[in-house]
Structure formats: structure tokens, C-alpha cells
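Colleague:
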Amino acid sequence: MLPNLLHRVRHFVYYLASSLKNRGIAMFGAYLLVQASWLAIFAPLSIVVSEALMSWYGLRGVANQELLAFFLSPSGYLFAIWLVAMALFNFFLQQGALTLLLAQHEVNKRSVSQAIRLLVNRAWTIARLAFLQSALLISISCTLLFIGRWLFGLMLADWDINYYLDQQRNQLWFYFAALSIGGLPLAVWLGSKWLNWWFALPFCMLQKKPLLAQLKDSTQLSIGQRKLILCLNLAWFALRTSVFVAVIAGFIWLLRISLNWWAPEDVTPLALFLFSATVLAGGSIVSFLDTWLYASIQFYLFKVLAKQHKESLSKHHQQVLKENHRVHLGLRLMFIAVLLLGASEMKEEVAAFNQRFSEPSTMLVMGHRAGGWLALENSLEGLQKSINLELPVTEIDVQLTVDGQIAVVHDRDLRRLTGSDLVVPESSFAQIQQAFVDAGFSQPQALPYWLEKSVNKITLNIELKRYDSSLALVPALLDSLKEYPYPVIISSLDIELLEELKQKISGTELADRISTAFIAAASFGESAVQQNVDMLIVNQQWVNAWRLFSAQQRGQEVHVWTVNNAADVERLYYLRVNGVVTDSPIMALETLERLYGLSEVDHIVNSLRYWLAL
Numbered sequence: 001m002l003p004n005l006l007h008r009v010r011h012f013v014y015y016l017a018s019s020l021k022n023r024g025i026a027m028f029g030a031y032l033l034v035q036a037s038w039l040a041i042f043a044p045l046s047i048v049v050s051e052a053l054m055s056w057y058g059l060r061g062v063a064n065q066e067l068l069a070f071f072l073s074p075s076g077y078l079f080a081i082w083l084v085a086m087a088l089f090n091f092f093l094q095q096g097a098l099t100l101l102l103a104q105h106e107v108n109k110r111s112v113s114q115a116i117r118l119l120v121n122r123a124w125t126i127a128r129l130a131f132l133q134s135a136l137l138i139s140i141s142c143t144l145l146f147i148g149r150w151l152f153g154l155m156l157a158d159w160d161i162n163y164y165l166d167q168q169r170n171q172l173w174f175y176f177a178a179l180s181i182g183g184l185p186l187a188v189w190l191g192s193k194w195l196n197w198w199f200a201l202p203f204c205m206l207q208k209k210p211l212l213a214q215l216k217d218s219t220q221l222s223i224g225q226r227k228l229i230l231c232l233n234l235a236w237f238a239l240r241t242s243v244f245v246a247v248i249a250g251f252i253w254l255l256r257i258s259l260n261w262w263a264p265e266d267v268t269p270l271a272l273f274l275f276s277a278t279v280l281a282g283g284s285i286v287s288f289l290d291t292w293l294y295a296s297i298q299f300y301l302f303k304v305l306a307k308q309h310k311e312s313l314s315k316h317h318q319q320v321l322k323e324n325h326r327v328h329l330g331l332r333l334m335f336i337a338v339l340l341l342g343a344s345e346m347k348e349e350v351a352a353f354n355q356r357f358s359e360p361s362t363m364l365v366m367g368h369r370a371g372g373w374l375a376l377e378n379s380l381e382g383l384q385k386s387i388n389l390e391l392p393v394t395e396i397d398v399q400l401t402v403d404g405q406i407a408v409v410h411d412r413d414l415r416r417l418t419g420s421d422l423v424v425p426e427s428s429f430a431q432i433q434q435a436f437v438d439a440g441f442s443q444p445q446a447l448p449y450w451l452e453k454s455v456n457k458i459t460l461n462i463e464l465k466r467y468d469s470s471l472a473l474v475p476a477l478l479d480s481l482k483e484y485p486y487p488v489i490i491s492s493l494d495i496e497l498l499e500e501l502k503q504k505i506s507g508t509e510l511a512d513r514i515s516t517a518f519i520a521a522a523s524f525g526e527s528a529v530q531q532n533v534d535m536l537i538v539n540q541q542w543v544n545a546w547r548l549f550s551a552q553q554r555g556q557e558v559h560v561w562t563v564n565n566a567a568d569v570e571r572l573y574y575l576r577v578n579g580v581v582t583d584s585p586i587m588a589l590e591t592l593e594r595l596y597g598l599s600e601v602d603h604i605v606n607s608l609r610y611w612l613a614l
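1 is the number of the first residue of the sequence shown in full-length UniProt numbering; add one for each residue after it.
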């Protein structure tokens, strides 16, 4: 047995070397042609359909906390099938082209154009095969996902990041019971079906039969070979994963080092183009070798088994390969139509990419506590200096006094600012005013006076604060805003206050003028309120790629507090946050003015540097 195995391995290695030597350039060219065509025609179509399915469910982006619930919905199931089918279709087209060229080598034919035409004529059959295999794989995945969903919810049910699982706890037990009995056997059965269909692609390439007949032939050819097919696929998957991880890790490491060495002023468009071309060429070669190895293994085993089972099958394949094939007019028109749709979609995607990584962005500068270090915190002097700087927004802190006035004060008491032991929610507004005067400061004014001073000059971000369980600040604030016809931002890190506010303004005219903001003090977990406010105001520890995409794809603005040095302003600018809250607005404005003046190459290099650092 061992000598036979060694002989077969030697023969296969010789077969690989011979095919690469004789048809390597042709296979690489065909691979690039198929890959480029798929990227131009079908990748944009995949994006269009995927976005439509997600919109149908109500999702506006992939980076969303409700993504798991989406995949367990009917539209999410269709989305998963579509996504995997398009990926398989791409792989099958590449693999099919290489299979045809390998088969041509067997009959001493060397026409790449005929192989591509035959591939195009088989495209509809290949697409249906991709969808069938995708449905099998997703059914297996969903079966395991349901069980994983139960385990995940059981272990982490107390964490708010799983609130959508916790709400469906009663259903989870039913899922687990049903899938324990029928789910795993179903997954095994579906997996065996997939193994039976492994040879379907070579049959699609080399014979003229309906798809069901080709699946039947593939099943017959797989009898007694399923363990071997499974082991080959697992070995290939492990090899592919390790190489992929190594290549990506090496690329990121190299890119980070290069970006640290490069100064943006030293990078020319030509150098950037050559670097990108080198990376694309290297990636294309590695990807081709991966596809070629898989196609060679499959076709070699297919050829050996087909010869053992039916000699006439080989003759039929040779006849198909020797025929001259022309692409049907209907297929040509269909490809042109899809190409036009793809071009339109790719134009939007390229524009979005260009906007994120090369075009200058705009970032709002928000004064902290009415102007930060420009004057005493939460003072009218700070407000006026923020207006003089033409800041678009400044943030102030408000509390409710014992006599129902809204004081612009941050702390629970006045000890830090005035030396007085007065507690704001337990004191009258007149007592608070006198404490500031006694400390040598100007007399503070209640919120209505601030609103009057801000009209048509600056937008106020009013942060709600309380140091007790009372919700009385919300109606008092809304009463002050009834006659104020200008936009305001109302923010808080207090979820109950924000929930009360949103409930009070729902369906009223105030809802059109008030933007709500949640101040995220923790770097983990998301509540329902956090997902439904207009903007998030977060600390720098919170900022990472996933959270930024998640918030921005929900249509939320992301502002970061408290940013007091130029390096942090620059980093957040290139991460495309919507704004910063700062104690040093002059520094922030000067930094942004410098960044706005940089070239497109500067923006590309800096964007890559900061995104790779996340």
C-alpha cells in the first residue's frame, strides 16, 4: 500500500510541475482575466444585492450590534446565501478556467480563448452550482449558529451587549432542544451532500448535461472517496489559512514599518503607485498559486477516478474540449448590462474610499465647559470667547437647583471652584450666585440667559447632570427650550435622563430642534439608548475601527472628549470622527488648518498610518 501511495504522490508532483511548466503563463493570464472580469461585473452586483437585503431588514451597515439577529432572520439567511454564493461563484470561475486549461493539456490543445468562451457558456450552470453549494454551507452554518447563539446567550446573558439575545431567552431553549435532536444530524447530512458534489465543477466544465445529472454523476464518482475528499479539503483549508494569515501579517508589518520610515513629503504619486502595484502583483501571484493548487488536486483526482469508472466519459470530455465555442448573443448583452450596473456602483464605492482616505475631511471643534481654558469653566466669559473664535458648538453642564432654576455648573458642590460647601441640587440659585461673587468671580446666570446670548452665534451642547434620583431636570429644561427656535444638542451619560428626554420630545416640535447625544464613559457594552441617539460623545479609549464603523453606519455622529494635544487631534481627524471636545480650541483649530493644507498623498499616507495603528 505504501509503495502505491508513494508512486501516486510522485506522479502527482510530476503532474503539477509539468502543468505549471507547459501552461503556467496561460493559466496565470486566464486567472487574471477571470478575476478582473468578476471584480468589474459581479462584485458590484453583489454589493447592490447585499445592501438591498440589509435595507430590507433595516440595517444600514455591516458593523452593527444587530448583525447576529439579522443573520438569523429570513432576509439575513438569503443575504448569507447570496454572499457565500458570489464568493463561490468567483472561486468556481477561477477554478473552472484552470480546470479547462489543465484538461486541454490532456488533449494537446492550447487555445486560451476557446477555454474562456467555454467557461462563459457554462457561467449560468456554474452560478446555479454556486448557489446550491452556498445553500448547503449556510444551512450547516446556521444550524451551528443557532446552537452557538444559545451557548453565547447562556454564558453572557447579563452583559448589555447581548440585550437582543436576552430578550429572546424563551425561544433559545426551544432552539437548543430542537437542534440537539435534529440539528447536528442535519448538519452531518448536509456536509455529506457537499462532499458528494465536490466533483460537480469538473463535470460542469467538461460535459453537456443538466445540472441535476451532473450532480448525480459527481455523487457516483465520490462513492468511497468522501473521507479522502474531506481530508484533502481540510488540509488545503489549513494550509490556505496559515499562508493567508502569514501574508496578511507580513504585509501589515511591512506597511507599518514603511509608514514609520516615510515622511509624507517624501512620498511621490509614482512611488505610491509602484508600491501599490507591487502589493497587488504579489497578492495576485499568491492567490493564483492557491487556486491552481486546489484546481490541480481536484482535476487530478477527477481524472484518475473517471478513468477507473468509465472510459467513454473521458472521450466525451475530449470531444467537448475540441469543439469551437461561441458566446451566445444573449449572454453578451447580459454581461454588458451587468457591467454598466457594476460601473455605476463601483464609481460610488471608489468615491467613498477616496473620500475616506485621500480627501480632506471636516471635523467640528467643540469647546469644553463653555470654552475650556479660555476662561473659568462654564462661565459667560468662556461662552463669549468661544463665540469670538467662531466655534460652531460649545458644551456646558447643567443641574437643577432646589428652587427649580437650571444652573450651569459641573460639580455636585462648589468647593473646587469657590471654596464653598454648597451642594448645587440642595441650594437655591441665589445662594450659588452669591458664592461665586464672594469668590471674586462674576455673577453666574441661569440657562435661559445663556440661550439668549447664544442666539445665531453658537450652538449649545447642554450636558444633563444629576446627583440624585430625580428626573425633574428634563421637564425644566424642555420648558426653557419651548420659546427657543434654534437647534441645540442635549447630552448626558445618564441613560435614564436621556430616555426621559426622548420620551418627552417624541412627536413634538422640539424633536426637530433637539439632537440627542450619549456620553460613553465605558469602552464596552451598548444599550438601546446608545444605539438610538443622534450622536455619541466618547473618550479616546472607546475609539476603535469597529465602533466607529458601527456608529457611523447607524447614521450617528461620533465626537471624542477631552482632546487637548495636536497629535490626538490629527489621529482622530484621520480616523474620520465627526468632532472633538477640547479645553484648547485654539490648538485644535490651528491643527486642523494645517491638516486642511496637506496634499492628497499626505492624506493617503497619514490615513493608512492611523488606521493600521488601531
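Ideal Cβ positions, reconstructed from N, Cα and C, are used throughout, including at glycine.
Going by other Cβ atoms of all chains shown within 10 Å of its Cβ, with 16 needed for buried, is Ser18 buried or exposed?
Modeller: Per the 10 Å Cβ criterion, exposed.
Colleague: Can the beta-carbon of Phe518 be found closer than 8 Å to that of Gln530?
Modeller: Yes, Cβ-Cβ distance for Phe518 and Gln530 is below 8 Å.
Colleague: When you compare only the Cα positions, how much space is there between residue 619 and Asn578?
Modeller: The displayed coordinates of the chain run from 1 to 614. Any statement about residue 619 would go beyond what the structure contains.
Colleague: Can you tell me whether His11 is buried or exposed, with buried defined as 16 or more other CB within 10 angstroms of its CB?
Modeller: His11 is exposed by the Cβ-count criterion.
Colleague: Mind reading off the beta-carbon distance from Pro475 to Lys504? Whole number of angstroms is fine, and I expect it under 8 Å.
Modeller: With 8 Å as the limit, Pro475 and Lys504 qualify as a contact, their Cβ atoms being about 7 Å apart.
Colleague: Quick check on Arg122: buried or exposed, where buried means 16 or more other Cβ atoms within 10 Å of its Cβ?
Modeller: Result: buried.
Colleague: Tell me the DSSP bridge mates of Thr99?
Modeller: Looking at the DSSP assignment, Thr99 forms no beta bridge with any residue, so it has no partner.
Colleague: So Ser492 is in the beta strand (DSSP E); what residue range does that whole segment cover?
Modeller: Unbroken beta strand (DSSP E) run through Ser492: 488-492.
Colleague: Restricting to Cα atoms, I'd like to know which of Leu215, Val286, Gln220 is closest to Ile248.
Modeller: Looking at the Cα atoms, Val286 is the closest of the given residues.
Colleague: DSSP three-state call for Gln225: helix, strand or coil?
Modeller: Looking at Gln225 - three-state DSSP - the assignment turns out to be coil, as it is neither helix nor strand.
Colleague: At 4 residues or longer, and completely inside the stretch 387-428: list those alpha helix (DSSP H) runs for me, N to C.
Modeller: Runs found: 415-418.
Colleague: Distance check for Thr418 and Val580, CA to CA, integer angstroms please.
Modeller: Rounded to whole angstroms, Val580 to Thr418 spans 29 Å at the Cα level.
Colleague: So, are the CB atoms of Leu136 and Leu190 less than 8 Å apart?
Modeller: For Leu136 and Leu190, yes; Cβs fall inside 8 Å.
Colleague: Using the Cα positions of Thr219 and Leu39, report the straight-line distance between them to the nearest angstrom.
Modeller: Each residue's Cα considered, the two are about 32 Å apart.
Colleague: Considering only heavy atoms of the ligand ADP, does any lie closer than 7 Å to the CB of Ile297?
Modeller: The model depicted lacks the ligand ADP and carries no ligand whatsoever.
Colleague: Excluding the 5 residues flanking Tyr163 on each side, which residues of the same chain have their C-beta closer than 6 Å to its C-beta?
Modeller: Low confidence applies to Tyr163: its pLDDT is 41, below 50, so where it sits in the model is not reliable, and the reading given next is rough at best. No residues qualify anywhere along the chain.
Colleague: Taking the CB atoms as reference points, tell me whether Gly29 and Val120 lie closer together than 8 Å.
Modeller: Contact flag unset, no.
Colleague: List the endpoints of the continuous beta strand (DSSP E) containing Met366.
Modeller: That run of the beta strand (DSSP E) goes 364-367.
Colleague: Indicate whether Cys204 and Leu132 have their beta-carbon atoms separated by less than 8 Å.
Modeller: Contact: no.
Colleague: From Ile257 to Val9, what distance separates their C-alpha atoms?
Modeller: Going by the C-alpha atoms only, they are around 41 Å apart.
Colleague: Below 8 Å, can you find three or more Cβ-Cβ pairs linking the stretch 592-608 to the stretch 382-395?
Modeller: Judged by Cβ distances under 8 Å, the stretch 592-608 makes no contact with the stretch 382-395, as fewer than three pairs qualify.
Colleague: Secondary structure at Ser113, three-state DSSP: helix, strand or coil?
Modeller: Three-state DSSP puts Ser113 in a helix.
Colleague: Does the separation of the CB atoms of Ile387 and Val398 fall below 8 Å?
Modeller: Going by C-beta atoms, Ile387 is not nearer than 8 Å to Val398.
Colleague: In this structure, how does DSSP classify Val279 when only helix, strand and coil are distinguished?
Modeller: DSSP places Val279 in helix when its eight states are reduced to three.
Colleague: Within the chosen definition, does the stretch 42-58 reach the stretch 86-93 through at least 3 CB pairs nearer than 8 Å?
Modeller: At 8 Å Cβ cutoff, the stretches touch.
Colleague: Assign Asn22 to one of three DSSP states: helix, strand, or coil.
Modeller: Of the three classes helix, strand and coil, the one that applies to Asn22 here is helix, per DSSP.
Colleague: For a test of the three-state rule: what should DSSP assign to Gly579, helix, strand or coil?
Modeller: If DSSP states are grouped into helix, strand and coil, Gly579 belongs with the strands.
Colleague: Sorted by chain position, which residues of the same chain lie with C-beta nearer than 8 Å to Asp494's C-beta, five sequence neighbours on each side aside?
Modeller: If we look at Asp494 and ignore the five residues flanking it on each side, its Cβ neighbours are Leu464, Lys465, Arg466.
Colleague: Closer than 8 Å by C-beta to Lys209: which residues in its own chain qualify, once you throw out the five before and the five after it? Chain order, please.
Modeller: Around Lys209: Phe203, Asp217.
Colleague: In the DSSP output, what is Ile604 paired with across the bridge?
Modeller: Answer is none; Ile604 lacks a bridge partner.
Colleague: With DSSP collapsed to three states, give me the class of Leu598.
Modeller: Three-state DSSP puts Leu598 in coil, outside helix and strand.
Colleague: Which two residues bound the contiguous beta strand (DSSP E) that contains Val464?
Modeller: According to the sequence provided, residue 464 is Leu. The question's Val does not apply to it. 459-464 is the span of the beta strand (DSSP E), which, as asked, contains Leu464.
Colleague: Secondary structure at Val538, three-state DSSP: helix, strand or coil?
Modeller: DSSP places Val538 in strand when its eight states are reduced to three.
Colleague: Please classify Gly404 as buried or exposed, where buried requires at least 16 neighbouring CB atoms within 10 angstroms.
Modeller: With fewer than 16 Cβ atoms within 10 Å of its Cβ, Gly404 is classed as exposed.
Colleague: Spatial neighbours of Gly597 within its chain, please: CB distance less than 8 Å, with the 5 preceding and 5 following residues excluded, ordered by chain position.
Modeller: None.
Colleague: Per the DSSP calculation, His559 is bridged to which residue(s)?
Modeller: Bridge partners of His559: Ile537, Gly579.
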